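Line by line, the protein sequences give chains A and B. Here the first sequence stands for residues 1 to 1117, where the numbers follow full-length UniProt numbering. Here the second sequence stands for residues 1 to 371, where the numbers follow full-length UniProt numbering.
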Amino acid sequence: MHSKLLSTEIKISICFPAAAVKHLNPIVALMFFSEEERYVRANDRPSNLSYNYANNAIRTSKYNIFTFLPLNLFEQFRRLANAYFLFLLVLQLIPQVSSLSWFTTALPLILVLSMTAVKDANDDINRHKSDRQVNNRMVNILIDGVLKNEKWMNVQVGDIIKLESNQFVTADLLLLSSSEPLNLVYVETAELDGETNLKVKQALTPTGEMGDSIEALSAFKGEVRCEPPNNRLDKFKGTLTMNGQNYGLDNDKILLRGCTLRNTEWCFGLVIFGGPDTKLMQNSGKTKFKRTSIDHLMNVLVLCIFGFLFTLCFILAIGNAIWEVKEGSVFTVFLPREPGVNAGLSSFLSFWSYVIVLNAVVPISLYVSVEVIRLGNSFFINWDRKMYYPKNDTPAQARTTTLNEELGQIKYIFSDKTGTLTQNIMTFNKCSINGKNYGELYDFSGQRVEITEKTQKVDFSWNKLADPKFDFHDYSLLETVREGNPEAQAFFRLLALCHTVMPEEKKDGELNYQAQSPDEGSLVTAARNFGFVFRSRTPETITIMEMGEKVTYELLAVLDFNNIRKRMSVIVRSPDGKMTLYCKGADTIIYERLDHSCKKLMKVTTGHLNEYAGDGLRTLVLAYKHLKENYMEEWTQRHHEASTALDGREERLDELYEEIEKDMILLGATAVEDKLQDGVPQTIEQLAKADIKIWVLTGDKQETAENIGYSCNMLREEMKEVFIVAANTPEGEPSVAKARAGLFWLQKTETVQDEQVEGDYALIINGHSLAFALEKDLELELLRTACMCQTVICCRVTPLQKAQVVELVKKYKQAITLAIGDGANDVSMIKAAHIGVGISGQEGMQAVLSSDFSFAQFRYLQRLLLVHGRWSYLRMCKFLQYFFYKNFTFTFVHFWYAFFCGFSAQLCIDTYSWTTVNQFFVWGSLAAYFAITFTMYSSGMFLIFTSIFPFVGTVRNSLNQPNVWLTIFLASLLCVLPVVALRFILIQIRPTINDKVKKHLRPNIVYAFCGYEYSLMSHNTTNLGKDVFLQKVVLLLILLQVRYKTQMEAPPAPAPRRPVRRVSTRRSGYAFSHSQGYGALVTSERFLFKRPMKGRLAFSVQTDTPQPKLFRPIPVE
Amino acid sequence: MASSYKDEDGHITVSGSGAAAGAGGGSLRSKKPENTAFKQQRLPAWQPILTAGTVLPAFFIIGLMFIPIGIGLYVTSNNIKEFEIDYTGVEMSSPCFTCAQNFSWNGTKPCTCSVPFHLDQPYESNVFMYYGLSNFYQNHRRYVKSRDDSQLNGNEESLRKPSKECEPYAKHGNKPIAPCGAIANSMFNDSLELIYNDPNGTKVQIPLTATGIAWWTDKHVKFRNPGAENTNLTVVFQGTTQPVNWRRPVFQLDSDPDNNGFINEDFIVWMRTAALPTFRKLYRIIQRRSNVHPTLPRGNYTLEVVYNYPVRSFEGRKRMILSTISWMGGKNPFLGIAYISVGSVCFLLGVVLLIIHHKYGNRNNAAEISH
């Protein structure tokens, strides 16, 4: 199934609440299957209407007023339990059979049905509301040569619409023209794929020439032929026929519904797909109905009970036949038989009567009560202050109320990295300039001081352009820079010049950087705060404020970053005419290209780099080189030739870059921290102690993932071995041969070690290898190996692969899985896992919307699983035990009573309390029970409903007797005593860890204890009897408790941020998380020499030049 | 569904309007959950830890407490005097044999028989006189539901139109039966009289009280005669007919107007159906007269029976029971025995647990403490 999914269809998961696709209206659905090609004529509504394409109105609701009742009832009766009780109700309406009055079944049934119906209706009203809200959004449509403000739902295929900045894209549009140069538009696709950085779309030149001229646009007679509606976000194929010429269309020219227009004043677009045909709507994945294992258990139990019920009834029916023959026939004096009823028929009838009487064993209230309890537990999750994040004002939210107890059974957690484990905030943390380390604080005795929130921050107020959010703690660096240290200044000048960040200055001094990756942004921001403010860029120049002085550099060339080069450089000419090459990149790469004079500095810097890497920071090395005028002239010439060459352009450019980027002078190194969310390492540690395995599935690079692994304590230096399976060919194409080689050890491990491994291992596997490993023949081995490792990190995986990994574990381990993530790329795994948790963070709402639980911080997972999960599970189990016990007691009473009442299905407990007990016992405990009983047995009730409540006086007369109370007392003690005795004996003879802990550490330790109990709950405890192990655990627990006590008393004590300082030779490579520079657009020649080249653009776009990455690549195989 | 970005949109507007409201004087509500004991799940709870220090004393205390209670109950129950005599007339020697044999539904002359018996002990205080039936399925489902509570409560309409539940005893001829149903129809109609044979030869009839034998709620709430103001029951019940097996109509059950019709206590007692096929129902109370003489002195008695009620066809039995009562009701040695045995078991268990604790518990504790 996995391979099929992989090969046939890519699903970028965008998730929407269910039902969207299912309930497309039939005409659309029909079209979807029959439409082979879409043909759209601009500005020609009549022609487009003739194709019956869906307009832009969407409908995600299920019902309307008239269809609600029948459809909803139909859906509800499709559930087995409801159908069963309907059947019972029918049985009870037959007087000969009815042993209970019909409302004992009707009441709960109606209650259940109406509760569900109200919930469904509420959901649907919300859907109607949101549909209406979306459909009624306004947009400018060009109709008959005039721009009209119209509702979204009135937009037709073939209309030309005008979008403005920060508007949502109305439908899937062909971009015609925009306000920006080169017909570019910037869009944010967070709703589609969870990426917050801006992406660039570009219109065709011929359409772009129309600009915002209404005449030209309304005269536009382009015809578009393209693929039918589909759900592939990254592919589009079509042609535009305009003035007799054909232009190819690709994804680059399409604005998808769901994107937001940013930094673009206006743009015009031609509607190609509307409403339900848009890629966004086509992607609305089906939400699977999630059920917990308790649900399955319940279903099995209920089925068994059915069998049991029918056996009982059969026995009783036989009994009835015997009684009728032996006793009933002679008792006719006082109780004549009904006409036409003989012993056989009577026995048949009594079978059904007993089905009704004994139906308490298959209780409808079980389902209701379970739901109510779960709802209650969900409320406790929503109410938990310890899972409330004050910064965003976000409480935890149980979006699915039916999965609580499953939280107590999780064995595998699949976590996203960015935004989940990390904050996706990069902070410039440390740097090494000319062999001096900055960024750490030392006290007077020279001891390193731990930096906490309270540590004094460097005051940047002298710099008006400084970013107030930037924190730095080491004053000496600022002093050095302000003193005029040339290296320090060069260092920050480099940071201010060598990047691809786009500045945005709305008001004077209010700078905003639009960086493609957060780490690049953090470096430029650091330079900004230290007095080298990057202010604006044009294709030829970069303007920076150097210590308050405006300096404009001429930008001669940008030697772009890519994955192989692992560095980027700029060549600039300063106002005084000096030409300099500034370069930053991965240490190994830069070190090879340094001048020999830097040997000594290299040594010192290497030491610093090791230290940074040991702290889990991302490092970059900076270097520069002065260039000679004549050499540069000649190089520029060659560069121009190379970049305009038609073949071998890439190689020739690479060669040129290689040539100029050598003999550089080392400046220093930067260390950027990929900030972990608070408490992540501790949480992971706790969860690991509860025997929950955590796998990290990330789209990030291997180096980054590895880094985070170390800083989360998932990877540790003392681990025996960290296996890295990374088959990565230069082109990024998966090479089967290499992957197989990489996986060779998999087989080796599997044969050498069998399930039990000594020591800790970790596995890091990348997407390409994973794609290979997930194939049929290898997936089991992958799983086996992965399960032997303490830590598994999958990097560079696609959303689909994330889901596949989850499915793999689900399928073969039969373990309960939990997926946690925050972005749209995590949606697939969130949906695939038993429980999906969404982090309500920065990356849009996608993950949250498809999740079952959501909260703001990863660390709340600990409380969710170890406290709420455990409690929910225990409560549910206790409840179920009690419920079945109660029902069986009820049933057996009637079973035994049958032997005394001639198997006549007479009740020995009156029917009304029966209903009450079933319905309300669990809801309102004994007090409610007695209250209701007394009301129902009161004279008042009797006088109003004489024939319905005939038990007047029963309670009063029976409870008057001391006998009754004595018996109740005796009976309750009799019920309790054996259990107490048994438990006591067990505690004495074979105590569990729990017992020992409880005994020793009585009060308020919650987590530590929960963790262990949790692991016990989900595991077989049989082999835990070994004393040594137990003692260890108990010791640990005591230690833990001490820790927790201190933590609880002195709240949020700063957790030791990095307890173990690794001595590591492993350093991060080039620290950018992207694989390519900010598109070819910003940094490439096209951008740099924009005007003269304009005419060639249309051509060059269609060649194989590197395209801006619009969406995360997903391999299609 | 497009709500993915709708929600986002909605979110923005919500926060925006919230901020605006805050500025406009409204309070900006934080979503922070309330800090109440209930919501934070801090309600006091008790989780008993089963230590030797709590469990063992509990068992001993329960044991020591239950045994005396049990003994007390047993003694109380034993002090209750009870006498039972079967007058069905199955055996040839039985005085009622002929009556039982010659029973016919429409015999005009009631058959009477006298059953002599001897009380070994004097019965102090009030004595309760019961009749007992065996193998009588008053708890059969069809039997139990064969009544019309509404009619019995004095509803005029139900009086004329008995509920269908009463079938086949709802109507006789064309007239509605009052009271309808199988229960009423099968009402116990033997009359029992007690005669004390004084050693000096005189026969003294023991006075029997026929009222105060039904529940107060039954007599005053559940059962009412129709036609509240009209005390003339004959008029009220006009147009109805008596149950098939009855010898006289319901308004002639007693001469006392407060004990006649539906509120006749014998009738009420009968209508409260028994739970088991063997049961006893209160028939009369023998009030204590003086403090000096016992209510029923020791000696010979005769039970005078007007034998109307046939039970032979279904092998039923009829008994007459005389019993005194205590604070805990009638004679019931079971509860006392149960208490005694539970108490002893508890005590024994306590001992066993103590031994187990000594053997195993210390070992475990020692192991823990050593580390």
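We treat Cβ as the ideally placed atom computed from N, Cα and C, and that holds for glycine. The structure presented is a predicted model; accordingly, all values stated were derived computationally and were not measured.
> Any contact of the stretch 428 to 437 of chain A with the stretch 831 to 842 of chain A, i.e. 3+ C-beta pairs under 8 angstroms?
Replying inline: With a cut-off of 8 angstroms on Cβ pairs, the stretch 428 to 437 of chain A is not in contact with the stretch 831 to 842 of chain A, counting fewer than three such pairs.
> Considering only residues of the same chain and omitting the five flanking positions on each side of GLU718/A, which have a CB-CB separation below 8 angstroms?
Replying inline: Taking the first sequence and counting its residues from 1, the one referred to as residue 718/A is at position 718. For GLU718/A, where only same-chain residues beyond five positions count, the Cβ hits under 8 angstroms are ASP760.
>> If we require 3 or more residues per run, which beta strand (DSSP E) segments fall completely within the stretch 93 to 128 of chain B?
In response: With a minimum length of 3 residues, the continuous beta strand (DSSP E) runs that stay inside the stretch 93 to 128 of chain B are 111 to 119.
> Starting from ARG260/A and walking both ways along the beta strand (DSSP E), at which residues does that stretch end?
Replying inline: Counting from 1 along the first sequence, the entry for residue 260/A is found at position 260. The residue you asked about is not Arg; residue 260/A is Thr in the sequence shown. For THR260/A, the enclosing beta strand (DSSP E) begins and ends at 260 to 262.
> So what does DSSP say about MET664/A, is it helix, strand or coil?
Replying inline: The sequence position of residue 664/A within the first sequence is 664, counting from 1. Shown here, MET664/A sits in a strand according to DSSP, grouped into three states.
> ILE340/B: which of ASN245/B, TYR74/B, LEU50/B, LYS31/B sits nearest, CA to CA?
Replying inline: Locating residue 340/B in the second sequence gives position 340, where the first residue counts as 1. If we check each option's Cα against that of ILE340/B, TYR74/B comes out closest.
> Taking Cβ positions only, does ASN154/A come closer than 9 angstroms to chain B?
Replying inline: Locating residue 154/A in the first sequence gives position 154, where the first residue counts as 1. Not closer than 9 angstroms to any Cβ of chain B, the Cβ of ASN154/A fails to qualify, so no.
> Which residues of chain A have a Cβ atom closer than 7 angstroms to the Cβ of THR324/B, listed in chain order?
Replying inline: The count along the second sequence starts at 1 and reaches residue 324/B at position 324. Result: empty, since nearest Cβ-Cβ is about 16 angstroms, beyond 7 angstroms.
>> Given this structure, state the Cα-to-Cα distance separating PRO486/A from ASN437/A, to the nearest angstrom.
In response: Walking along the first sequence from the start, residue 486/A turns up at place 486. Walking along the first sequence from the start, residue 437/A turns up at place 437. So the alpha carbons of these two residues sit roughly 16 angstroms apart.
> So, does the CB of ILE286/B fall closer than 9 angstroms to a CB anywhere in chain A?
Replying inline: As a working mapping, residue 286/B is identified with position 286 in the second sequence. Not one beta carbon of chain A lies nearer than 9 angstroms to the beta carbon of ILE286/B.
> Cα-Cα, which of SER415/A, ASN263/A, LYS62/A is closest to ILE694/A?
Replying inline: For the purposes of this step, residue 694/A is taken as the residue at position 694 of the first sequence. When only C-alpha atoms are compared, the closest one is SER415/A.
> Got a sec, what are the start and stop residues for the beta strand (DSSP E) ILE816/A sits in?
Replying inline: Working through the first sequence from its first residue, we reach residue 816/A at position 816. For ILE816/A, the uninterrupted beta strand (DSSP E) run begins and ends at 816 to 821, by DSSP.
>> Please state the DSSP three-state secondary structure of VAL21/A.
In response: As a first step, residue 21/A is located in the first sequence; it is residue number 21 there, counting from the start. Its pLDDT being 37, under 50, VAL21/A is placed unreliably by the model, and the measurement read from it follows with that caveat. DSSP places VAL21/A in coil when its eight states are reduced to three.
> In chain A, what lies closer than 8 angstroms to THR217/B by C-beta?
Replying inline: Taking the second sequence and counting its residues from 1, the one referred to as residue 217/B is at position 217. SER939, VAL952, GLY953, ARG956, ASN957, listed in chain order.
>> Quick check on this structure: which residue in THR606/A, ILE318/A, ILE58/A has the alpha carbon closest to the alpha carbon of GLY275/A?
In response: In the first sequence, the residue the question calls residue 275/A occupies position 275. Proximity to GLY275/A across THR606/A, ILE318/A, ILE58/A peaks at ILE58/A, based on C-alpha coordinates.
> First and last residue of the alpha helix (DSSP H) that includes LYS886/A?
Replying inline: Position 886 of the first sequence, counted from the start, is the residue given in the question as residue 886/A. Per DSSP, the continuous alpha helix (DSSP H) segment holding LYS886/A begins and ends at 870 to 898.
>> Let me check understanding here. Comparing Cα to Cα, which of LEU494/A, ALA898/A, ASN463/A lies closest to ASN529/A?
In response: If you number the first sequence from 1, residue 529/A lands on position 529. Among LEU494/A, ALA898/A, ASN463/A, the Cα nearest to that of ASN529/A belongs to ASN463/A.
>> Does the structure place the stretch 247 to 259 of chain A close enough to the stretch 169 to 180 of chain A that three or more beta carbon pairs sit under 8 angstroms?
In response: Yes, the stretch 169 to 180 of chain A is in contact with the stretch 247 to 259 of chain A.
> What are the boundary residues of the beta strand (DSSP E) that includes GLY227/B?
Replying inline: In the second sequence, counting from the first residue as 1, residue 227/B sits at position 227. Run containing GLY227/B: none; DSSP gives neither H nor E here.
> Is it a yes or a no for the stretch 398 to 411 of chain A touching the stretch 373 to 382 of chain A, going by three-plus beta-carbon pairs under 8 angstroms?
Replying inline: Result yes; three or more Cβ-Cβ pairs closer than 8 angstroms.
>> For the alpha helix (DSSP H) containing PHE306/A, name the first residue and the last one.
In response: Within the first sequence, the letter at position 306 stands for residue 306/A. Element bounds for PHE306/A: 293 to 323.
>> Short of 6 angstroms in beta carbon distance, which residues of its chain neighbour LEU763/A, apart from the five on each side in sequence? Order them along the chain.
In response: Residue mapping note: residue 763/A aligns to position 763 of the first sequence, counting from 1. Result list for LEU763/A: PHE723, ALA786, CYS789, VAL792, in chain order.
> Distance, Cα to Cα, ASN299/A vs PRO33/B?
Replying inline: For the purposes of this step, residue 299/A is taken as the residue at position 299 of the first sequence. For the purposes of this step, residue 33/B is taken as the residue at position 33 of the second sequence. So the two alpha carbons sit approximately 35 angstroms from each other.
>> What does the alpha-carbon distance come out to for the pair THR260/A and GLY211/A?
In response: Taking the first sequence and counting its residues from 1, the one referred to as residue 260/A is at position 260. Taking the first sequence and counting its residues from 1, the one referred to as residue 211/A is at position 211. Distance between the alpha carbons of THR260/A and GLY211/A: 20 angstroms.
> Okay, do the stretch 536 to 547 of chain A and the stretch 494 to 507 of chain A touch, 3+ Cβ pairs below 8 angstroms being the bar?
Replying inline: Because the criterion of three Cβ pairs below 8 angstroms is met, the stretch 536 to 547 of chain A and the stretch 494 to 507 of chain A touch.
> Could you give the residue range of the alpha helix (DSSP H) that holds HIS639/A?
Replying inline: Locating residue 639/A in the first sequence gives position 639, where the first residue counts as 1. Boundaries of the alpha helix (DSSP H) around HIS639/A: 629 to 644.
>> Going residue by residue through the stretch 122 to 171 of chain A, where are the continuous beta strand (DSSP E) segments of at least 3 residues, counting only ones entirely within it?
In response: Annotation note: the stretch 122 to 171 of chain A contains the following uninterrupted beta strand (DSSP E) runs of length 3 or greater, listed N- to C-terminal: 138 to 143, 146 to 151, 160 to 164.
> Are the Cβ atoms of VAL809/A and TYR412/A separated by less than 9 angstroms?
Replying inline: Here residue 809/A refers to the residue found at position 809 of the first sequence. Here residue 412/A refers to the residue found at position 412 of the first sequence. Yes, the pair counts as a contact, with Cβ atoms nearer than the cut-off.
> Is any beta-carbon of chain B found at less than 9 angstroms from that of TRP383/A?
Replying inline: Residue numbering aside, residue 383/A sits at position 383 when the first sequence is read from its first letter. At least one beta carbon of chain B lies nearer than 9 angstroms to the beta carbon of TRP383/A.
>> With a threshold of 7 angstroms on Cβ separation, who are the neighbours of LEU353/B within its own chain once the five nearest residues in sequence on each side are excluded?
In response: Here the question's residue 353/B lines up with position 353 in the second sequence. Excluding five sequence positions before and after LEU353/B, the CB atoms of its chain that fall closer than 7 angstroms to its own CB belong to VAL55, LEU56, PHE59, given in chain order.
>> Just to confirm, is the Cβ distance from LEU282/B to PHE97/B under 9 angstroms?
In response: Sequence index remark: in the second sequence, residue 282/B carries index 282 (1-based). Sequence index remark: in the second sequence, residue 97/B carries index 97 (1-based). At a Cβ-Cβ threshold of 9 angstroms, LEU282/B and PHE97/B do not count as neighbours.
>> I want to see whether chain B comes within less than 9 angstroms of GLN961/A, judged by CB atoms only; does it?
In response: Indexing the first sequence from 1 puts residue 961/A at position 961. A Cβ of chain B is located within less than 9 angstroms of the beta carbon of GLN961/A.
> Roughly how many whole angstroms lie between the Cα atoms of GLN804/A and ILE816/A?
Replying inline: Counting from one through the first sequence, the residue named residue 804/A turns up at place 804. Counting from one through the first sequence, the residue named residue 816/A turns up at place 816. Going by the C-alpha atoms only, they are around 15 angstroms apart.
> Quick one: what's got a C-beta closer than 6 angstroms to residue 1135/A's C-beta in the same chain, skipping five residues either side?
Replying inline: Nothing can be reported for residue 1135/A: it is not among the residues displayed for chain A, which extend from 1 to 1117.
>> Strictly below 7 angstroms CB to CB, what residues from chain B border LEU970/A?
In response: Numbered from 1 along the first sequence, position 970 holds the residue referred to as residue 970/A. Using a Cβ-Cβ cut-off of 7 angstroms, LEU970/A is close to ALA338, TYR339, VAL342 of chain B, given in chain order.
> Is the beta carbon of LEU477/A less than 9 angstroms from the beta carbon of GLY439/A?
Replying inline: Sequence index remark: in the first sequence, residue 477/A carries index 477 (1-based). Sequence index remark: in the first sequence, residue 439/A carries index 439 (1-based). Taking 9 angstroms as the cut-off, the Cβ atoms of LEU477/A and GLY439/A count as close.
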